[in-house]
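Q:
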Amino acid sequence: MNNDKNEGTTSFILPALPYADNALEPVISANTISFHYGKHHKGYVDNLNKLVVGTEFVGLPLEKIIAATAGKADKTAIFNNASQAWNHTFYWNSLSPKGGGQPPAALKAKIEASFGTLDACNKELAAAATTQFGSGWAWLVLDGDKLKVVKTGNADSPLTKGMKPLLTIDVWEHAYYLDYQNRRADYVNAVLDKLINWNFAESNLA
Ligand SMILES: [Fe+2]
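Per our numbering, the sequence shown runs over residues 80 to 285.
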């Protein structure tokens with residue numbers, strides 16, 4: 080993605096949502112989106128803009144900042160906000176009002192080669208999303224030439240482990256608590272059933 084900076088400026092921007100804020104209802108409410116996108120995601124972008132002032136990170140793409148700060152104790156705040164800014168844009172694109180159902184053919188063939196069936200892949204994604212302890216993310220990734228499901232804690236991302244993310248599900252409480260309270264599994268299963276954007280995942284295979 081190349082939508083994380085204004086051309087010709089050094090400020091990170093909050094990319095527009097790829098759909099209206101009520102487009103994911105009834106699975107994710109406009110109220111959840113207004114807080115999740117308008118407060119949480121925006122907060123990571125705003126924090127990052129403050130944190131990079133006067134550093135070598137001004138004007139760099141998010142992926143470069145993430146790579147340069149991962150695992151560095153004195154750069155934790157910059158890493159967390161850069162990675163959360165990237166993860167959230169990736170998450171919005173991993174969802175679609177017309178999601179769920181069957182993946183396009185090329186992705187489906189890869190899923191079947193790696194997991195056996197689409198159902199097995201979805202079950203692994205649901206298990207990763209529901210067993211991630213505390214805040215974090217469940218991901219479908221390309222690792223070498225194989226698809227895998229992985230989970231990451233807090234702001235962490237498969238980008239720091241040499242894997243290529245194809246799609247993600249945010250399992251921080253702020254992603255579902257207003258709509259589902261503590262029922263994370265209900266949120267995850269509804270996302271997989273109705274919203275998961277296989278076309279986006281396939282576009283990331285290239
Ligand atoms: Fe989030």
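Note that CB positions come from ideal geometry on N, CA and C, so glycine has one too.
(1) Ignore the nearest five residues each way along the sequence and tell me which others in Asn-201's own chain have a CB closer than 6 Å to its CB.
(2) Would you list the residues whose beta-carbon is nearer than 6 Å to any heavy atom of ligand 1, in the order they occur in the chain?
(3) Residues in the same chain with beta-carbon distance under 6 Å from Ala-269, minus the five sequence neighbours each way, listed in chain order, please.
(4) With a cut-off of 8 Å on the beta carbons, I'd call Leu-221 and Leu-204 a contact; round off their distance for me.
(5) To which residues does DSSP link Ala-217 through a beta bridge?
(6) Of the choices Asn-278, Arg-262, Tyr-255, Ser-282, whose alpha-carbon is the least far from that of Glu-104?
(7) Taking the continuous alpha helix (DSSP H) assigned at Ser-236, which residues delimit it?
(8) Whose CA, out of Asp-224, Glu-281, His-167, Ser-108, lies closest to the CA of His-119?
(9) Using the Cα positions of Asn-172 and Asp-153, report the straight-line distance between them to the nearest angstrom.
(10) When you compare the CB positions of Ser-90 and Ser-162, do they come within less than 7 Å of one another, or not?
(11) Using CA atoms only, rank isn't needed, just tell me which of Leu-96, Asn-110, Val-267 is closest to Ala-208.
A: Short version:
(1) Excluding sequence neighbours, Asn-201 sits near Leu-271.
(2) Sorted by chain position, residues whose beta-carbon lies closer than 6 Å to a non-hydrogen atom of ligand 1 are His-115, His-119, His-167, Asp-249, Trp-251, His-253, Ala-254.
(3) Excluding the 5 residues flanking it on each side, Ala-269 has same chain C-beta neighbours closer than 6 Å at Val-106, in chain order.
(4) With a contact defined as Cβ atoms closer than 8 Å, Leu-221 and Leu-204 miss out at about 14 Å.
(5) Residue pairing by DSSP puts Ala-217 in a beta bridge opposite Lys-230, Ile-248.
(6) Measuring from the Cα of Glu-104, the nearest candidate turns out to be Tyr-255.
(7) For Ser-236, there is no enclosing alpha helix (DSSP H), as DSSP gives it neither H nor E.
(8) Of the listed residues, the one whose Cα sits closest to His-119 is His-167.
(9) Whole-angstrom Cα-Cα distance: 31 Å.
(10) With respect to the 7 Å criterion, Ser-90 and Ser-162 are not classified as neighbours on the basis of their beta carbons.
(11) With distances taken between Cα atoms, Ala-208 lies closest to Val-267.
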